[in-house]
Amino acid sequence: MKRIDFPKDFLWGTATASFQVEGSPDGDGRGKSIWDTFCETPGKVENGDTGKVACDHYNRYKEDVALMSELGVNAYRFSISWPRLLPDGAGQINQKGIDFYNKLIDSLLEKNITPAATLYHWDLPQALFDKGGWVNRDTVERFRDYAELAYSHYGDRVKNWFTHNEPWVTAFVGNLQGRHAPGYKDLKTAVAVSFHMVLSHAMAVEAYRKSPGGKDGKIGIVLNLYPAVPASDSTEDKNAAELCDAYQNRWFLDPLYKGSYPEPLRSIFEKAGAPIPEKSGDLSFISGQKTDFLGLNYYLRKVVRAATDSEKLEAKTPHPTLPYVEIIPQGAQVTAMPWEVHPESLYDVLKRLDVDYGSPNILVTENGAAFQDDKLAAGANYLIDDEDRRSFLETHFVAALKAIKAGVNLKGFFVWSMMDNFEWARGYSKRFGIFHVDYATKKRSWKKSGRWYQSFLKKD
Ligand code: IFM
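All residue numbers for the sequence shown refer to our numbering, where the first residue is 52 and numbers rise by one.
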């Protein structure tokens, strides 16, 4: 497998997100986000880690762009911090925040790296959260206004946009599991948030089409999707896998592409007191806002089986309305998260999107892995010998190529992540980077995986 085997205009990139790398939360007038608050709450983030300094990308973006140029990528996916542009989420604009992304975008373009911007990668302005956050339909309109502001400043140069990153995580990890900001454990809230995020995506797409830059630019949403595989051939496990698929995948894909919600899950949630707060016409509006591509974040598959009665009682299931448990097959290779390593499932999920959702253009917007990174390389042109991550990337590139050969409209691949960074509730304990970050000095160093990607990109 070589770069030349992929389409000529394929986007090869790396990805990061504002809160995970930037630091400088109070710098130059940025407002507070729900993740600042979450980090300040004892016990929420491992080791009490925060995003205060992170990778200091806010001050070191030039160095990071230079590294990406040396790496040889032709694209970079980053996210814009809403509270940097609008400290209160709406109203007063923070010019210094606007300037930061102008400088970042210009540095990328100078190095011939295509910028791909995500509008929302989880750092909701605290001021909007205080007014109800994503449960409040008003936030949907504030998101549209924020998106318009971003298009008006950057739309002349940024031609690849993503509205939301992994709305499933925002909705269900943040509001049902409580592991992410804002830390709620309430199904009704989670379902309302999930709907408002999809609605706000559609409004931001509509606004993009009307913006001057939208005439020749592209926009889509990023979803974290997983093949849901039954652990056995039993009817119970097959039903469990279907339920998992509805919850993890179709809950977002169906409203976006089909204007509906998967049954019976919609009715199950409704009966549990968690209805979708839709108004008449919302769903047809959502599916009517056609996108140019779908961003796929692929990390692992979900192998599931029906929960036993005791597992249900011990709350081992995602929720009482979702009576299944996830398992890791015996002998499977796992990452440090621990997530099963299963590259073939990347092919499966790409193929499924192609068949079930009308052959959309797809970008793999995230793929990568956290490993221990405890092997120092001696005498090499890299610091860390992360053969596990190198091989992870290679096998996933192979699966992507297989999908292209099978007719999937795959247009790009972004490795998560450009560098080690703040891994949300896991703090800095999990490293996903292809560049190592020494958190004491902020020094970036090559890993073997980065060198491998570099030589892959060079050979065409
Ligand atoms: O770090 C996250 C990223 O912010 C969203 N997708 C998954 C990554 C790894 O957990």
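Idealized CB from N, CA, C, for every residue including glycine.
query	result
Inter-stretch contact (C-beta, 8 Å, three-pair minimum) for the region 132-142 and the region 164-176	yes
6 Å Cβ shell around F129 - same chain, five flanking residues per side excluded	T67
A68 CB to nearest heavy atom of the ligand IFM below 6 Å	yes
H215, enclosing beta strand (DSSP E) - first and last residue	211-216
Close-in-space but distant-in-sequence residues of the same chain around A420 (CB under 6 Å, 5 per side omitted)	T386, R440, F443
Completely contained beta strand (DSSP E) runs for the region 118-147, where each covers 3 or more residues	126-130
Residue burial classification, I512 (beta-carbon count within 10 angstroms, cutoff 16)	Residue 512 is absent from the model: the chain starts at 52 and stops at 511.
Check: N145 C-beta below 6 Å from any heavy atom of the ligand IFM	no
Y235, DSSP secondary structure in three states	coil
Same chain, Cβ closer than 6 Å to I435, neighbours up to 5 away in sequence not counted	D424, H487, K498
Y374 classed as buried or exposed, judged by whether at least 16 other C-beta atoms fall within 10 angstroms	For clarity, residue 374 is Pro in the given sequence; the question names Tyr instead. With 16 or more Cβ atoms within 10 Å of its Cβ, P374 is classed as buried.
Three CB pairs or more closer than 8 Å across the region 407-422 and the region 347-355	yes
Beta-carbon proximity of G310 to S338, cut-off 7 Å	yes
Residue closest to E395, alpha-carbon to alpha-carbon, out of D139, D437, S75, V449	V449
Span separating the alpha-carbon of V355 from that of E314	19 Å
Whole beta strand (DSSP E) elements within the region 386-459, 3-residue minimum	413-418
Residues near P411 by beta carbon distance below 6 Å, same chain, minus five either side	L345
Exposure label - P281; buried when at least 16 CB within 10 Å	buried
Classification of Q299 by the beta-carbon crowding that lies within 10 angstroms, buried from 16 upward	buried
DSSP-derived helix/strand/coil call for E377	strand
Extent of the continuous alpha helix (DSSP H) run through G346	Here G346 belongs to no alpha helix (DSSP H); instead the beta strand (DSSP E) covers 344-348.
Expected contact under 8 Å - CB spacing of D189 and G271 to nearest Å	Actually they do not touch by this definition, with Cβ atoms about 25 Å apart.
Contact between the region 215-234 and the region 243-259 (3+ Cβ pairs under 8 Å)	yes
Exposure label - N98; buried when at least 16 CB within 10 Å	exposed
DSSP-derived helix/strand/coil call for W173	coil
Any non-hydrogen atom of the ligand HEM closer than 6 Å to N348 Cβ	Within the structure as shown, the ligand HEM is missing, the only ligands being the ligand IFM.
Euclidean distance between Cα positions of A457 and L137	44 Å
When G123, L227, G80 are compared against W503, the one with the closest alpha-carbon	G123
Which of helix, strand or coil DSSP assigns to A66	strand
Coil, strand or helix - T286 by DSSP	helix
Enclosing alpha helix (DSSP H) for V355 [first to last residue]	Run containing V355: none in the alpha helix (DSSP H); it sits in the beta strand (DSSP E), 353-357.
Short Cβ contact (7 Å threshold) for L105 with F473	Rather than Leu, the amino acid found at residue 105 in this sequence is Ala. Contact: yes.
Contact set for R301: own chain, Cβ-Cβ below 7 Å, skip 5 residues either direction	P313
From D399, I378, L397, residue whose alpha carbon lies closest to that of P389	I378
D333, buried or exposed, once every other Cβ within 10 Å from all chains shown has been counted against 16	buried
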